[in-house]
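Residue numbers (UniProt numbering), protein chains in the order written: chain A, 1 to 450; chain B, 1 to 450.
In what follows, a structure is listed as structure tokens, so that the remarks can point back to it.
The structure is reproduced here in structure tokens:
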């Protein structure tokens with residue numbers, strides 16, 4: 001069987017909260033001013049109560065609301081594929097499975113969390129959600145959720161992406177999202193920067209500041225984040241929960257679970273249900289794959305840092321390259337983040353997740369092999385996971401072992417085709433961040449003692 | 001149930017050949033030189049024997065080869081959706097169902113025929129297939145099939161699309177297709193035109209000439225077409241066959257089946273299995289939706305005409321606006337064809353299929369409503385079907401009738417987002433072709449007596 005389907009009745013009814021089982025919980029986020037643990041009240045200004053509760057909950061299973069399940073059911077359960085074509089191309093004895101999260105209407109796994117986030121905001125009376133977006137994956141997933149839930153979406157999109165990547169912007173607008181190039185004249189943070197430089201290209205940090213300010217200064221408006229936070233990873237666990245059922249049908253259990261890792265949401269989503277087993281004694285390796293140009297887990301430090309560049313968010317305990325680290329413009333825009341989810345960071349620190357960094361030319365080489373053997377053109381982010389799945393399958397071939405490998409195909413690459421063009425025409429280069437630059441960026445972080 | 005899934009074992013094992021049941025078969029294609037019925041030998045130069053046999057077969061069921069079934073099974077059966085969100089938005093008592101053909105790896109229904117076409121060519125020892133493409137849907141579906149079947153694909157792409165729509169070209173190249181802007185210097189037809197005008201923007205007619213010449217002058221190379229011909233529509237009937245099983249699960253039978261119609265392949269695919277019932281006495285309406293700017297079925301004449309602009313292909317008996325009719329550059333590029341499939345034309349002529357023409361601003365208005373209520377961004381071609389499904393649902397509301405409406409969502413619109421931008425920014429205009437222009441174009445057709 002090449003494609004393992006589940007029926008609607010197999011759709012998981014609960015998300016899995018790994019905070020119930022982690023050997024060690026991450027230390028709490030700190031208020032950026034007082035450097036004391038942040039209170040639920042601090043967060044209420046920009047988040048609905050239900051999401052704040054999920055953020056700090058240690059309850060193992062959290063019910064998925066019926067209205068969310070109904071929308072999930074329009075594109076979930078997603079299929080699990082056995083990558084027969086890729087196995088054949090590699091002549092490996094390994095069995096390679098991948099979960100296809102690119103079949104939802106926005107083309108990536110992001111809708112798994114945008115839909116519940118829009119839902120909880122709506123039932124708490126919020127009329128509008130403000131968010132930031134870089135390349136546009138998150139902004140489009142949230143705009144879609146807004147359309148389906150009947151809640152307005154305002155997206156601050158980094159100006160250089162707004163100008164150079166019109167497809168994602170148009171997608172958001174098609175779903176009714178209001179998109180502003182950031183820095184914009186809609187917020188004080190934006191206006192301040194525009195006064196200094198009217199042609200400022202924008203950064204994700206500035207866009208976050210604008211969205212947070214918009215949410216904090218409008219009573220009917222909240223803020224939403226597409227990765228990093230605990231509740232976001234919680235919503236993504238539906239990926240791994242479905243995988244477990246599907247692999248059971250196939251009569252397999254993975255030796256290795258692989259996901260690409262930027263903020264950590266798709267990796268957490270596919271792996272946490274398997275980490276539950278690992279914590280309880282089962283043998284399974286979980287590998288986070290990051291770009292060598294933004295090697296947070298492999299070369300960063302595990303310490304408190306701001307979640308954004310501007311230093312407006314709480315301090316989070318995580319692997320970080322320093323909040324003013326500016327990764328080069330690699331094509332997997334979703335993996336260009338200086339930090340990492342505190343949950344993934346803690347699990348990595350405690351040896352439950354391994355991390356590996358790969359260069360982008362090798363990633364695109366793997367993406368092309370995958371496209372030609374499996375037929376699916378992957379998003380460049382997802383292709384990082386493919387690269388390491390291939391490496392592991394070739395290792396299994398050398399060792400003559402019939403390993404079972406599972407990776408998450410977090411999205412399709414239809415809107416990323418220009419990066420394929422860059423690769424095919426030989427214009428893509430690798431970039432490894434110099435260790436000294438990382439050291440320098442880290443040396444500027446404030447020391448925080450709990 | 002919002003999404004009706006079939007399992008792999010429900011995948012149809014045979015295509016349905018409507019030539020077995022048509023009250024009247026279309027008159028045969030004629031050799032363009034002799035104007036006598038074309039022989040199988042004439043066709044062998046550019047088509048594999050299996051496809052020629054399918055073209056003229058009157059056998060009702062034709063087995064789908066196992067290797068084709070295996071690849072179909074990686075993305076078929078596709079889901080049938082109940083459009084609950086759209087019904088709610090329209091407050092209609094009608095039940096609206098749509099078949100989602102945009103989930104395959106190339107984003108449209110075209111892979112249903114590109115895969116068997118590549119297969120039959122491969123088993124008959126052909127090493128390479130040449131084809132033409134306008135906007136790129138067909139070229140990409142065939143490039144994908146070539147990658148999966150291990151057969152080389154050469155695509156002659158209309159130069160203006162090649163230059164202005166790089167996404168589809170890159171997609172073909174990612175799957176290993178060789179893409180040349182047409183007119184090219186690879187063929188005598190192309191070189192002749194380039195000598196006169198080195199900056200010629202190209203037409204679909206020229207691209208067809210180049211692909212046919214390439215196939216006819218290379219022994220190991222054949223030609224392939226993505227619509228119009230009988231065998232292409234045959235392969236697409238898997239759409240309607242699956243729909244029938246899925247509607248049975250839902251306990252419904254359609255009052256109306258709707259498909260957009262350019263060459264006719266997706267309309268034939270979704271409707272022929274229902275036309276079988278209609279021919280055998282069941283009541284069901286089938287509606288072909290075409291753009292008002294290219295009103296082949298609604299304003300054309302039923303007569304012999306060339307399939308291409310240049311006059312190189314056989315004469316086909318069909319509704320046509322005249323082979324030198326140049327429709328304006330509407331955004332649904334897949335519907336800009338002067339003629340129509342002979343099967344669809346005959347069925348239309350015999351009153352088994354109705355036709356309606358709609359303007360593109362109304363089409364995009366419907367597309368936006370669909371995107372915001374169902375979450376899926378449709379291809380502009382498919383949005384023509386949506387527009388008429390909405391019209392019929394509103395009519396049912398007026399009449400207070402609980403009609404069952406089925407339409408085919410032939411593809412998604414990720415690569416068509418610029419046309420959404422044109423609509424959202426008010427730049428889209430309607431165009432109705434003046435009757436005199438059509439009359440003039442038709443008056444230049446050669447008279448053919450059988």
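Backbone N, C-alpha and C define an ideal beta-carbon position, used for all residues, glycine too.
Please read these numbers as outputs of a predicted model, since none were measured by experiment.
At least 8 Å separates the CB of residue 195 of chain A from every CB of chain B. Straight-line measurement puts the Cα of residue 211 of chain A at about 28 Å from the Cα of residue 370 of chain B.
Just measuring C-alpha positions, the residue of A/117, A/250 and A/197 sitting nearest residue 221 of chain A is A/117. Closer than 9 Å at the C-beta level to chain B, one finds these residues of the segment 161-194 of chain A: 166, 167, 168, 169, 170, 171, 173, 174, 175 and 176.
Linking residue 377 of chain A to residue 101 of chain B through their CA atoms gives a straight-line distance of about 17 Å.
In this structure, the straight-line span from the alpha carbon of residue 22 of chain A to that of residue 234 of chain A is close to 13 Å. DSSP, read as helix, strand or coil, puts residue 257 of chain B in strand.
Between the C-alpha atoms of residue 342 of chain A and residue 108 of chain A there is a straight-line separation of about 22 Å. By a beta-carbon distance limit of 8 Å, residue 393 of chain B does not contact residue 412 of chain B. Their separation comes to about 22 Å. In the DSSP assignment, residue 87 of chain A falls within the alpha helix (DSSP H) that extends over 84-90. Taking a contact to require three or more Cβ pairs closer than 8 Å, the segment 234-246 of chain B and the segment 347-356 of chain B do not qualify as touching. Residue contact check for residue 37 of chain A against chain B: no CB pair falls below 8 Å. In the three-state DSSP reduction, residue 388 of chain B falls in the helix class (H, G or I). Residue-level contact by beta carbon fails for residue 315 of chain B and chain A, as no gap is shorter than 8 Å.
Closest in alpha carbon position to residue 326 of chain A, among A/62, A/198 and A/441, is A/441. Interface annotation for the segment 85-105 of chain A against chain B: 85, 103 and 105, criterion Cβ-Cβ distance under 8 Å.
Using a CB distance below 7 Å, the part of the segment 366-378 of chain B facing chain A consists of 368, 371, 372, 375, 376 and 377, ordered along the chain. Within the DSSP secondary-structure output, residue 4 of chain B pairs in a beta bridge with B/80. No Cβ of chain A is located within less than 8 Å of the beta carbon of residue 72 of chain B. Here residue 159 of chain A has 181, 182, 183, 200, 201 and 202 as same chain residues with Cβ atoms under 8 Å from its own Cβ, once five neighbours each way along the sequence are excluded. A distance below 6 Å between beta-carbons, with the five flanking residues on each side excluded, links residue 310 of chain A to the following residues of its chain, in chain order: 205 and 209. Interface annotation, residue 47 of chain A: not in contact with chain B, CB-CB separation never under 8 Å. Straight-line measurement puts the Cα of residue 124 of chain B at about 15 Å from the Cα of residue 130 of chain B. In chain order, 8, 73, 74 and 75 make up the part of chain A whose C-beta sits under 8 Å from the C-beta of residue 3 of chain B. Distance check between residue 331 of chain A and each of A/163, A/359 and A/345 places A/359 closest, using alpha-carbon atoms only. Judged by DSSP in its simplified three-state form, residue 59 of chain B adopts coil rather than helix or strand. Taking a Cβ-Cβ cut-off of 8 Å, the neighbours of residue 107 of chain A in chain B comprise 414, given in sequence order.
DSSP places residue 33 of chain B outside both helix and strand once states are collapsed to three, so it counts as coil. Residue 411 of chain A is bridged by DSSP to A/108. One finds 375 in chain B with Cβ atoms closer than 7 Å to the Cβ of residue 144 of chain A, taken in chain order. The continuous beta strand (DSSP E) containing residue 100 of chain B extends over residues 95-100.
A distance below 8 Å between beta-carbons, with the five flanking residues on each side excluded, links residue 122 of chain B to the following residues of its chain, in chain order: 149, 150 and 151.
For the set A/290, A/414, A/447 and A/15, the Cα lying nearest the Cα of residue 431 of chain A is the one of A/290. Residue 138 of chain B has no beta-bridge partner at all, per DSSP.
In this structure, residue 324 of chain B keeps its C-beta atom at 8 Å or more from the C-beta atom of residue 296 of chain B. Measuring C-alpha to C-alpha distances from residue 319 of chain A to each of A/191, A/305 and A/334 identifies A/305 as the nearest.
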